[in-house]
Amino acid sequence: MSVAFLSTAADLLRASVVQIIEGGRGSGGAGFAWGRPDLFVTSAHVVSRKRVTVVTPDRRTVSGAVIRRDTDRDLAIVHAAGAGDELPVARPGDPNTMRPGSLVVAVGHPFGMVDAVSAGVFQAVGPLPRGLGLNGKGSLPWVQADVRLAPGNSGGPLADAEGRVIGVAAMVVSGLALAVPVEDVELLFSGLV
Amino acid sequence: MSGDLKSLTTLSEQLADAVAAAGAALVAVHARPRLPSTGIHWRDGVVVTTEGTVRRDDDITVTLPNGKRIPATLAGRDRGTDLAVLRIAPGSLPVASLGDPGTLRPGHLVLALARLDDGGPRAAFGAVSATGGKWRSWKGGEIDRWLQSDLDIYPGFGGGPLVDTSGLVHGVNSGGLSRPLATTIPVATVNRVLTQLLERGYVARGWIGAAMQPVRFDLAARRQLNLEGGLLLLSLEPDTPAAKAGLLLGDVIVAIDGKKLEGFDQLLDLLGGEVVGKTVRLDLVRGGRPQTADLVIGERPRRP
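Below you can see the structure in the form of structure tokens.
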């Protein structure tokens with residue numbers, strides 16, 4: 242078997258990933274360009290204020306505004322006009338067609354480590370298994386994966402082996418990585434792209 | 026698509042194929058409150074899972090890959106190796122394809138699989154971390170091979186298989202044998218324990234019926250007997266194999282079947298095997314003199 246490198250898929254993904262920082266301090270969470278080079282998806286829990294700072298992949302710091310925020314689904318949209326037209330938007334994948342055991346890649350900034358890549362496998366998409374509680378949110382559909390996430394991954398993309406985004410990294414429950422399915426991102430963006 | 030992406034998607038597809046193949050022989054086992062554990066259809070009509078996840082002896086059911094829930098009966102359990110065996114109706118699902126754990130080396134890619142109650146098999150991905158020879162679990166069971174991986178054993182993954190990239194099952198994953206490491210009970214141990222559990226419902230372990238302590242002889246005795254030491258008999262119950270063999274308090278057992286005994290390990294190894302009813306020749310030192318005794322190994326009494 243030939244050697245399989247994650248780097249190509251990870252590089253494709255990293256080109257779209259930004260840092261989203263509140264109040265100009267700390268390393269914040271992650272976000273990625275979606276639909277337009279000036280719109281970024283992130284987690285609602287990463288952005289509690291209206292104004293945020295966006296750090297682009299080429300390390301430019303631009304200001305951004307939170308234009309949509311859905312706390313129930315833990316998603317938000319940040320508009321940053323100064324991000325430039327060159328930023329490639331992430332390509333959408335489909336978690337519903339993925340088989341358990343397929344490779345997944347996450348990009349984020351765990352503990353402030355910028356654009357760190359973690360790899361693992363897809364487990365399921367749907368409500369959490371009964372017995373794994375999540376304050377009532379367990380019945381929502383989640384992309385569930387065996388991949389290491391840490392604080393700072395929130396809002397970053399979870400993608401398939403070709404670098405296509407299947408979800409937005411949200412949290413870890415009983416060690417299991419949970420991401421908001423990409424369908425919900427598309428819903429939140431309706432009318433914008 | 027670039028070459029890198031192509032080989033990565035090929036690997037991804039191969040992993041998903043392995044999960045699908047091995048997953049066809051997995052059931053969800055409902056034998057504890059809340060979250061089910063995973064069972065492997067090891068032989069037709071026989072499901073293996075971990076003992077620690079079987080919290081009741083009755084009212085056990087399993088969920089098949091097609092979502093159907095069917096009854097199962099507990100054939101037996103063995104705490105020592107953390108294995109439990111269930112019987113289900115034959116022909117209910119495919120039987121697992123077994124691999125040879127002896128071929129796994131550190132660095133080999135492996136998957137841990139599970140079936141919960143919600144459809145498809147689940148997978149965790151990692152590598153074999155370490156392999157080695159025979160070992161004894163802290164619960165006293167003999168495990169034929171040390172097989173450790175860096176896999177996360179998520180809730181519900183206990184009792185599930187360790188699978189290689191071609192979908193072959195190399196053993197049963199246990200989260201309870203050496204926490205926090207993911208340890209796999211290898212195929213040979215499962216086969217051995219399963220046979221005993223199906224035959225008599227438990228694993229018979231050898232028993233002598235005496236308390237002993239390792240001792241070292243003094244210099245004069247070491248010179249005279251040409252022996253370092255042995256196991257000193259401290260207590261002896263009547264009607265035990267040791268009493269029937271004529272052993273006395275103060276005897277020092279120095280060899281079993283001609284093999285020098287220097288500590289407990291050799292004795293425990295002997296008693297862990299299939300030895301009930303076997304006669305062994307003991308070399309003793311009694312009152313400073315060498316002597317022999319024939320001992321018929323008994324069966325360790327089971328806790329009620």
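In the order they appear, the protein sequences are chains S and D. By the count of the working numbering, the first sequence reaches residue 434 at its end, each step adding exactly one. By the count of the working numbering, the second sequence reaches residue 329 at its end, each step adding exactly one. Note that beta-carbon positions come from the ideal geometry of N, C-alpha and C, so glycine has one too.
Of the candidates S:Pro-298, S:Thr-294, S:Gly-270, S:Thr-294 places its Cα closest to the Cα of S:Ser-304. Contact note: D:Thr-34 reaches chain S through Ala-402, Glu-403, using a C-beta cutoff of 7 Å and chain order. Taken atom to atom, the span from the alpha-carbon of D:Gly-127 to that of D:Arg-57 is near 33 Å.
For a Cβ distance threshold of 7 Å, residue set Pro-341, Gln-364, Ala-365 of chain S lies close to D:Arg-147, ordered along the chain. Taken through DSSP and simplified to helix, strand or coil, D:Thr-35 comes out as helix.
Within the same chain, and ignoring the five residues on either side of D:Ala-155 in sequence, the residues whose Cβ sits closer than 7 Å to its Cβ are Pro-131, Trp-171, Gln-173.
At least one CB atom of chain S sits nearer than 7 Å to the CB of D:Ala-41.
If you draw a straight line from the Cα of S:Ala-317 to the Cα of S:Val-409, it comes to about 11 Å. Taking a C-beta distance under 7 Å as the contact criterion, D:Gly-200 and D:Ile-168 do not qualify as a contact pair. Judged by beta-carbon spacing, S:Ile-261 lies beyond the 7 Å limit of S:Val-282, meaning their Cβ atoms are not closer than that value. Around the CB of S:Met-354, fewer than 16 other CB atoms lie within 10 Å, so the residue is classed as exposed. With respect to the 7 Å criterion, S:Val-423 and S:Val-434 are not classified as neighbours on the basis of their beta carbons. Look at D:Ser-203: its C-beta is not under 7 Å from any C-beta on chain S. The continuous alpha helix (DSSP H) containing D:Val-215 extends over residues 212-225.
Using a Cβ-Cβ cut-off of 7 Å, D:Ser-37 counts as an interface residue toward chain S, since at least one Cβ of chain S sits closer than that to its own. DSSP lists D:Ile-65, D:Val-110 as the bridge partner or partners of D:Val-73. Under a criterion of Cβ atoms nearer than 9 Å, the residues of chain D adjacent to S:Arg-371 are, in order, Arg-59, Leu-60, Pro-61, Leu-141, Asp-142, Asp-143. Residue pairing from DSSP places S:Gly-305 in a beta bridge opposite S:Val-293. In the DSSP assignment, D:Leu-244 falls within the unbroken alpha helix (DSSP H) covering 244-250. For D:Thr-88, the uninterrupted beta strand (DSSP E) run begins and ends at 85-88, by DSSP. In the DSSP assignment, S:Arg-277 falls within the beta strand (DSSP E) that extends over 277-283. Chain S has a Cβ within less than 7 Å of the Cβ of D:Asp-29.
S:Val-421 is classed as buried because its beta carbon has at least 16 other beta carbons within 10 Å across all chains shown. For the options D:Leu-138, D:Ala-236, D:His-195, D:Thr-208, the alpha carbon positioned closest to that of D:Trp-160 is the one of D:Thr-208.
Boundaries of the beta strand (DSSP E) around D:Val-197: 194-199. Each of D:Gly-297, D:Gly-312, D:Gln-316, D:Glu-299 was checked against the Cα of D:Arg-306, and the nearest Cα belongs to D:Gln-316. Segment contact: the region 219-233 of chain D against the region 180-196 of chain D, fewer than three CB-CB distances shorter than 8 Å; contact not assigned. The distance from the Cβ of S:Ala-400 to that of S:Val-346 is about 5 Å, consistent with a contact at the 8 Å cut-off.
Taking 7 Å as the cut-off, the beta carbon of D:Leu-89 is found closer than this to the beta carbon of D:Val-52. In the DSSP assignment, D:Ile-168 forms a beta bridge with D:Trp-160. In chain order, Asp-319, Val-321 place their CB closer than 6 Å to the CB of D:Thr-304, counting only its own chain and leaving out the 5 sequence neighbours on each side. For a cut-off of 8 Å, the C-beta gap from D:Thr-86 to D:Arg-94 is around 5 Å, short enough to register as a contact. Taking 7 Å as the threshold, the shortest C-beta distance from D:Phe-182 to chain S does not fall below it. Residue pairing by DSSP puts S:Gly-272 in a beta bridge opposite S:Val-259. Annotated three-state conformation of D:Lys-303 is coil, per DSSP. Each residue's CA atom was taken as its position, placing D:Leu-250 and D:Glu-324 some 32 Å apart.
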